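Asker: Here this note's numbering is used: the first residue of the sequence shown is 189, the next is one more, and so on.
All C-beta atoms in this analysis are idealised placements derived from N, C-alpha and C, irrespective of residue type, glycine included.
In this text, all values refer to a predicted model and were calculated from it rather than measured experimentally.
I'd like to ask some things about the structure below.
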Amino acid sequence: MLLNVGDYERDAERVLDPGAFGYFAGGSGDELTLRDNIEAFERRQLRPRVLVDVSEIATGTTVLGREAAMPVLVAPTAFQRLAHPDGEVAVARAAAAAGTVMCQSTLSSMTPAELARAAPGASLWFQLYWSSDRGFTAELLASVAEAGFEAVVFTVDLPAAGRRERDLRAAFALPDDLALPNIPGSLGRRDFHAELGQIVDTTLTWRDLEWLRETCPLPVVLKGILSSEDALLAAEHGAAGVVVSNHGGRQLDGVAASLDALPEVVEAVGERVEVLMDGGVRRGTDVLKALALGARAVLVGRPIIWGLAVDGEAGVREVLALLRAELALGLTLLGCRSPAEITGAHVKAK
Ligand SMILES: Cc1cc2nc3c(=O)[nH]c(=O)nc-3n(C[C@H](O)[C@H](O)[C@H](O)COP(=O)(O)O)c2cc1C
Numbered sequence: 189m190l191l192n193v194g195d196y197e198r199d200a201e202r203v204l205d206p207g208a209f210g211y212f213a214g215g216s217g218d219e220l221t222l223r224d225n226i227e228a229f230e231r232r233q234l235r236p237r238v239l240v241d242v243s244e245i246a247t248g249t250t251v252l253g254r255e256a257a258m259p260v261l262v263a264p265t266a267f268q269r270l271a272h273p274d275g276e277v278a279v280a281r282a283a284a285a286a287g288t289v290m291c292q293s294t295l296s297s298m299t300p301a302e303l304a305r306a307a308p309g310a311s312l313w314f315q316l317y318w319s320s321d322r323g324f325t326a327e328l329l330a331s332v333a334e335a336g337f338e339a340v341v342f343t344v345d346l347p348a349a350g351r352r353e354r355d356l357r358a359a360f361a362l363p364d365d366l367a368l369p370n371i372p373g374s375l376g377r378r379d380f381h382a383e384l385g386q387i388v389d390t391t392l393t394w395r396d397l398e399w400l401r402e403t404c405p406l407p408v409v410l411k412g413i414l415s416s417e418d419a420l421l422a423a424e425h426g427a428a429g430v431v432v433s434n435h436g437g438r439q440l441d442g443v444a445a446s447l448d449a450l451p452e453v454v455e456a457v458g459e460r461v462e463v464l465m466d467g468g469v470r471r472g473t474d475v476l477k478a479l480a481l482g483a484r485a486v487l488v489g490r491p492i493i494w495g496l497a498v499d500g501e502a503g504v505r506e507v508l509a510l511l512r513a514e515l516a517l518g519l520t521l522l523g524c525r526s527p528a529e530i531t532g533a534h535v536k537a538k
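Here it is in structure tokens:
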């Protein structure tokens, strides 16, 4: 029986080959941050209010000025065709059906234009790995805007890929026929993490954000912010939003759980830019905690992959539907009629 995200993870482990499952599930180093992302939610408790009229509950919100059916967005994850042959198309269609945003990874198997065509009506953001080939990046950004995407999510926590020991132990390699049209040149199949680090421009600094904002008319969201200092710099350099994220525990091991880093970022820039978070969200009640700590919305990475692996588009739809149902029930029991009514008083440390 598939009642929750954990059930989908268990079934995904059954259907995926062990190397691919390890790639999706794993983190870097000792996986301290990977585990802490989950445990941080366990360290918080909800504080419900009672005798509130909860006869009508709405899960909708706005993100970057656009309506979303719930404050749960689809995080960018690479190589979705490893989970299911329908890959990114299945995810984009499921997100559209759920009325929420899908963020397409640079490391996906189709171009932004192809994805937009395959999933009409989807609300799409594009996640950028910024390569040292500036001309290529400029053309990619132009194609993103041209294809009707609504935002660019610039991932800033990957000047080099974290060391993913599960992949090394399993000698995990990408299949030869996996297309990666959004990077210049090709990516080695066995050593792809190391090569990805070589594609990303490691000379980038805050000053380069100006080029990005001049080159691309879309709002820019910086993903991978873990400190108030960087959040302030992001706001000063014109970011429309930040994602408090440690890349799902896959980059620098030993950094704070995203939920623990969230309050300082909200305090620093919450009035000026939209603060999103991702990492470890597995339940509707996790969404409540993140919102109570000041997030506008959360993104989910692995839960989407598990749904995709188990049942393609239908599986992703189901995962998004069950998160929404858990969120609606959670709002009811918390005494909030909508995400907008959640405040800091609805959560406390354990
Ligand atoms: C298999 C996998 C691939 C990922 N690929 C990307 C990527 O291409 N770009 C990116 O910015 N983040 C990537 N991420 C990080 C996610 O966007 C997100 O930060 C993270 O998965 C959230 O944590 P969660 O999986 O616990 O929900 C990836 C994460 C996973 C698990």
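I'd like to confirm something about SER297: is its beta-carbon nearer than 7 Å to some heavy atom of ligand 1, or not?
Answerer: Along the sequence shown, one-based indexing puts residue 297 at 109. No, the beta carbon of SER297 sits no closer than 7 Å to any heavy atom of ligand 1.
Asker: Just reading off the alpha helix (DSSP H) that ASP418 is part of, what are its end residues?
Answerer: For the purposes of this step, residue 418 is taken as the residue at position 230 of the sequence shown. First-last of the alpha helix (DSSP H) with ASP418: 416-424.
Asker: Under 8 Å Cβ to Cβ from ALA428, same chain only, skipping five residues before and after it: list those, please.
Answerer: Residue 428 sits at position 240 when you count from the first residue of the sequence shown. Within the same chain, ALA428 has close Cβ partners LEU252, ALA339, PRO407, VAL408, VAL409, VAL461, GLU462.
Asker: Would VAL507 and TRP494 be called neighbours here (beta carbons separated by less than 8 Å)?
Answerer: Working through the sequence shown from its first residue, we reach residue 507 at position 319. Working through the sequence shown from its first residue, we reach residue 494 at position 306. Their beta carbons are under 8 Å apart, which means VAL507 touches TRP494 by this criterion.
Asker: Which value, in whole angstroms, describes the spacing of the CA atoms of ALA349 and SER374?
Answerer: To locate residue 349, count along the sequence shown from 1; it is residue 161. To locate residue 374, count along the sequence shown from 1; it is residue 186. Distance between the alpha carbons of ALA349 and SER374 is about 16 Å.
Asker: May I have the straight-line CA-CA distance separating ALA537 from GLN233, to the nearest angstrom?
Answerer: As a working note, residue 537 is residue 349 in the sequence shown. As a working note, residue 233 is residue 45 in the sequence shown. C-alpha separation (whole angstroms): 6 Å.
Asker: Helix, strand or coil, according to DSSP, for LEU303 in the structure here?
Answerer: Your numbering for residue 303 matches position 115 in the sequence shown. Helix.
Asker: In whole angstroms, what separates the C-alpha of SER216 from that of GLU244?
Answerer: Here residue 216 corresponds to residue number 28 of the sequence shown, with the count starting at 1. Here residue 244 corresponds to residue number 56 of the sequence shown, with the count starting at 1. Using only the alpha carbons, I get a separation of about 43 Å.
Asker: Report the rounded CA-to-CA distance for GLY436 versus GLY442, giving the unit in angstroms.
Answerer: Locating residue 436 in the sequence shown gives position 248, where the first residue counts as 1. Locating residue 442 in the sequence shown gives position 254, where the first residue counts as 1. Straight-line Cα distance between these residues: approximately 12 Å.
Asker: Can you tell me whether ILE371 is helix, strand or coil according to DSSP?
Answerer: One-based indexing of the sequence shown puts residue 371 at position 183. Residue state, collapsed to three classes: coil.
Asker: Determine the extent of the beta strand (DSSP E) in which GLY248 is found, giving its start and end residues.
Answerer: By one-based count along the sequence shown, residue 248 stands at place 60. Careful: GLY248 lies outside any beta strand (DSSP E) and carries neither H nor E.
Asker: What's the C-alpha gap between GLN439 and ASP274?
Answerer: Here residue 439 refers to the residue found at position 251 of the sequence shown. Here residue 274 refers to the residue found at position 86 of the sequence shown. In a straight line, the C-alpha of GLN439 is about 27 Å away from that of ASP274.
Asker: When you compare the CB positions of ALA166 and LEU270, do they come within less than 8 Å of one another, or not?
Answerer: With the chain covering only 189 through 538, there is no way to say anything about residue 166.
Asker: I'd like the list of long-range same chain contacts for ALA335, defined as Cβ closer than 7 Å, with 5 residues on each side in sequence excluded.
Answerer: In the sequence shown, the residue the question calls residue 335 occupies position 147. Result list for ALA335: PRO300, ALA301, ALA304, in chain order.
Asker: Sort ALA533, GLY489, ILE492, ALA478 by Cα distance to LEU515 and report the nearest one.
Answerer: Mapped onto the sequence shown, residue 515 falls at position 327. Considering only alpha carbons, the answer is ALA478.
Asker: Give me whichever residues DSSP pairs with GLY429 in a beta bridge.
Answerer: The sequence position of residue 429 within the sequence shown is 241, counting from 1. Paired residue(s): VAL409, GLU462.
Asker: Just curious, the alpha helix (DSSP H) that PHE342 is in, first and last residue?
Answerer: Taking the sequence shown and counting its residues from 1, the one referred to as residue 342 is at position 154. That residue, PHE342, is in no alpha helix (DSSP H); its beta strand (DSSP E) goes 339-343.
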